[in-house]
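Novice: Residue numbers (our numbering), protein chains in the order written: chain X, 440 to 710; chain B, 18 to 121.
Every residue, glycine too, gets a C-beta built ideally from N, C-alpha and C.
In structure tokens, the structure reads:
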């Protein structure tokens with residue numbers, strides 16, 4: 440009797456293991472299918488349409504000062520766009536701050552065109568000035584496609600931001616007590632059928648940081664890095680950070696520094 | 018609202034030309050509501066045609082099941098380097114747009 444029970448238990452265990460491995464195989468298959476799908480539409484990444492608008496905006500004179508952005512310094516000199524976002528965030532002497540692409544653009548739009556940063560801080564995604572910001576971001580990150588992720592941590596301000604970003608990455612908060620690491624701190628995790636990169640590792644961070652900003656097929660929207668980070672916090676059901684706030688820049692510094700040496704594949708194409 | 022230019026690429030390979038077109042259009046179904054609860058009016062492409070020089074090579078009807086910013090790819094026999102490919106669409110508001118590309 441007792442032996443029989445044990446036998447049944449063993450059989451159940453074997454079945455359980457079998458079931459598990461087939462689920463894993465199914466997940467691999469789906470991940471492959473998603474990769475194939477991405478490859479199929481890679482030629483038709485709709486980011487291109489957004490980037491074309493951004494390029495136009497970069498050269499268009501607008502704002503209260505009726506100026507274009509061709510004198511905007513993204514870190515490689517005034518008006519240099521090629522490769523600029525691969526080396527951001529970076530420390531800017533003129534503002535005395537570490538800035539990511541979007542906060543830098545906010546500075547440029549304020550100083551050159553006279554556009555109030557509040558338009559963005561209090562703005563809504565994909566609306567008004569924010570939509571223009573997204574187009575500009577699409578244009579600029581497209582110009583860094585294929586470059587190596589290369590952030591310069593030699594400045595003490597950058598090191599400070601890196602440490603803050605690392606802290607924020609592991610900091611648990613909100614009603615679900617989540618941190619970034621809850622989803623992005625383990626190899627081989629996924630949410631539904633999306634693979635989640637382990638952002639603590641160089642390859643994982645490169646896969647994440649290197650493919651954002653991106654066009655999201657499901658919503659038909661172009662998402663900037665600020666939007667991505669904001670949504671990570673929303674998904675954690677905790678307070679959403681203010682647009683361009685220090686914590687978002689710090690997290691970007693941490694991710695970019697971890698991903699250093701990886702290839703920039705922006706603009707990405709996401710489900 | 019002004020329409021955005023299409024991005025068209027066409028390449029001939031072994032006598033077959035592959036055309037890839039990225040079309041900027043909202044493709045609003047008329048089923049969605051905005052944040053205030055008001056229905057967003059339908060706005061989508063209804064007809065799309067493609068021409069090789071002056072010859073019609075593709076004629077299609079589009080509808081609301083097609084995504085925003087659609088990507089269209091198709092192949093046809095023939096076509097030579099330097100030939101012109103023209104893609105045009107018409108939407109339910111009567112707006113039209115035509116863009117061209119040269120086969121490479």
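Could you list which residues in chain X have their beta carbon closer than 7 Å to that of residue 75 of chain B, in chain order?
Specialist: Within chain X, no residue comes near residue 75 of chain B; the closest Cβ sits about 16 Å away, beyond 7 Å.
Novice: What three-state label does DSSP hand residue 651 of chain X in the structure shown?
Specialist: Residue 651 of chain X: coil per DSSP, three-state reduction.
Novice: Any C-beta of chain X within less than 7 Å: which residues of the stretch 33-47 of chain B qualify?
Specialist: Within the stretch 33-47 of chain B, the residues whose Cβ lies closer than 7 Å to some Cβ of chain X are 37, 39 and 41, listed in chain order.
Novice: What residues from chain X crowd round residue 50 of chain B, counting only those whose CB sits closer than 9 Å?
Specialist: Chain X residues near residue 50 of chain B: none, gap ~15 Å exceeds 9 Å.
Novice: Please confirm whether residue 706 of chain X has its beta-carbon closer than 7 Å to some beta-carbon of chain B.
Specialist: No, no contact with chain B.
Novice: For a test of the three-state rule: what should DSSP assign to residue 703 of chain X, helix, strand or coil?
Specialist: It is coil, neither helix nor strand.
Novice: So does the stretch 645-652 of chain X actually touch the stretch 694-707 of chain X, counting three or more Cβ pairs closer than 8 Å?
Specialist: Yes: the two stretches touch, three or more of their Cβ pairs being nearer than 8 Å.
Novice: Are there 16 or more other CB atoms within 10 angstroms of the CB of residue 657 of chain X, so buried, or fewer, so exposed?
Specialist: Answer is exposed; the Cβ neighbour count stays below 16.
Novice: Residue 488 of chain X by DSSP, collapsed to three states: which one?
Specialist: Residue 488 of chain X falls in the helix class under three-state DSSP.
Novice: Can you tell me whether residue 637 of chain X is buried or exposed? The criterion is at least 16 other CB atoms within 10 Å of its CB, across all chains shown.
Specialist: Buried.
Novice: Hey, quick one: how far does the beta strand (DSSP E) through residue 538 of chain X stretch, first residue to last?
Specialist: It spans 536-538 - the beta strand (DSSP E) in which residue 538 of chain X sits, taken as one unbroken run.
Novice: If I measure Cβ to Cβ from residue 423 of chain X and keep anything under 6 Å in the same chain, skipping five residues before and after, which residues do I get?
Specialist: Past the boundaries of the shown model lies residue 423 of chain X; chain X is included only from 440 to 710, so the question cannot be answered.
Novice: Excluding five sequence neighbours on each side, which residues of the same chain lie with their C-beta closer than 8 Å to the C-beta of residue 110 of chain B?
Specialist: Closer than 8 Å at Cβ, skipping near neighbours: 60.
Novice: Rank X:509, X:519, X:561 and X:581 by C-alpha distance to the C-alpha of residue 491 of chain X and give the top, closest one.
Specialist: Residue X:581 is the option with its Cα nearest to residue 491 of chain X.
Novice: Confirm, please, whether the CB-CB distance from residue 516 of chain X to residue 526 of chain X is below 7 Å.
Specialist: Cβ atoms of residue 526 of chain X and residue 516 of chain X: not closer than 7 Å.
Novice: Buried or exposed: which applies to residue 576 of chain X, given that a residue is buried once 16 or more other Cβ atoms fall within 10 Å of its Cβ?
Specialist: Its Cβ being crowded by 16 or more others within 10 Å, residue 576 of chain X is buried.
Novice: Alpha carbon to alpha carbon, how far is residue 474 of chain X from residue 632 of chain X? Give it in angstroms, no decimals.
Specialist: Each residue's alpha carbon lies about 11 Å from the other.
Novice: By the three-class DSSP mapping on this structure, what secondary structure does residue 689 of chain X have?
Specialist: Note: residue 689 of chain X maps to helix in three-state DSSP.
Novice: Residues of the stretch 80-102 of chain B with a CB closer than 9 Å to any CB of chain X: list them in chain order, please.
Specialist: Listed in sequence order: 84, 85, 86, 87, 88, 89 and 90.
Novice: With DSSP collapsed to three states, give me the class of residue 497 of chain X.
Specialist: Looking at residue 497 of chain X - three-state DSSP - the assignment turns out to be helix.
Novice: Listing by chain order, which chain X residues have their CB less than 7 Å from the CB of residue 109 of chain B?
Specialist: Result: empty, since nearest Cβ-Cβ is about 18 Å, beyond 7 Å.
Novice: By the 10 Å Cβ neighbour count, where 16 or more other Cβ atoms means buried, how is residue 665 of chain X classified, buried or exposed?
Specialist: Classification for residue 665 of chain X: buried.
Novice: If you follow the beta strand (DSSP E) that residue 670 of chain X is in, where does it begin and where does it stop?
Specialist: Looking at the DSSP string, residue 670 of chain X is not in any beta strand (DSSP E); the run it does join, the alpha helix (DSSP H), is 664-674.
Novice: With a cut-off of 7 Å, does the C-beta of residue 21 of chain B fall near any C-beta of chain X?
Specialist: Yes, residue 21 of chain B lies at the interface with chain X (some Cβ there is under 7 Å from its Cβ).
Novice: When burial is assigned at 16 or more other CB atoms within 10 Å of the CB, is residue 44 of chain B buried or exposed?
Specialist: Per the 10 Å Cβ criterion, buried.
Novice: Leaving out five residues before and five after residue 709 of chain X in sequence, what residues of the same chain have Cβ atoms less than 6 Å from its Cβ?
Specialist: Closer than 6 Å at Cβ, skipping near neighbours: 653 and 655.
Novice: Can you find the residues in the same chain that come closer than 8 Å, C-beta to C-beta, to residue 668 of chain X, ignoring five residues on each side of it along the sequence?
Specialist: Excluding residues within five positions, the ones whose Cβ falls inside 8 Å are 680, 687, 690 and 691.
Novice: Within the same chain, show all residues whose beta-carbon is closer than 7 Å to that of residue 568 of chain X, passing over the 5 residues directly before and after it, in chain order.
Specialist: Contacts found: 554, 558, 559 and 562.
Novice: List the residues of chain X whose Cβ lies closer than 8 Å to the Cβ of residue 72 of chain B, in chain order.
Specialist: Going along chain X, no residue has its Cβ under 8 Å from residue 72 of chain B, so there is no contact; the nearest lies around 24 Å.
Novice: Which chain D residues sit within Cβ distance under 9 Å of residue 670 of chain X?
Specialist: Although the question refers to chain D, the structure presented lacks it and instead comprises the protein chains X and B.
Novice: Can you grab the Cα-Cα spacing for the pair residue 596 of chain X / residue 542 of chain X, in whole Å?
Specialist: Using only the alpha carbons, I get a separation of about 16 Å.
Novice: Measure the C-alpha to C-alpha separation of residue 496 of chain X and residue 50 of chain B and round it to an integer number of angstroms.
Specialist: About 29 Å.
Novice: If you check the beta carbons only, do residue 63 of chain B and residue 79 of chain B fall under 7 Å apart?
Specialist: Yes. Within cutoff.
Novice: Taking the alpha-carbon of residue 118 of chain B as reference, which of B:108, B:107, B:106 and B:101 has the nearest alpha-carbon?
Specialist: Ranking B:108, B:107, B:106 and B:101 by Cα distance to residue 118 of chain B puts B:101 first.
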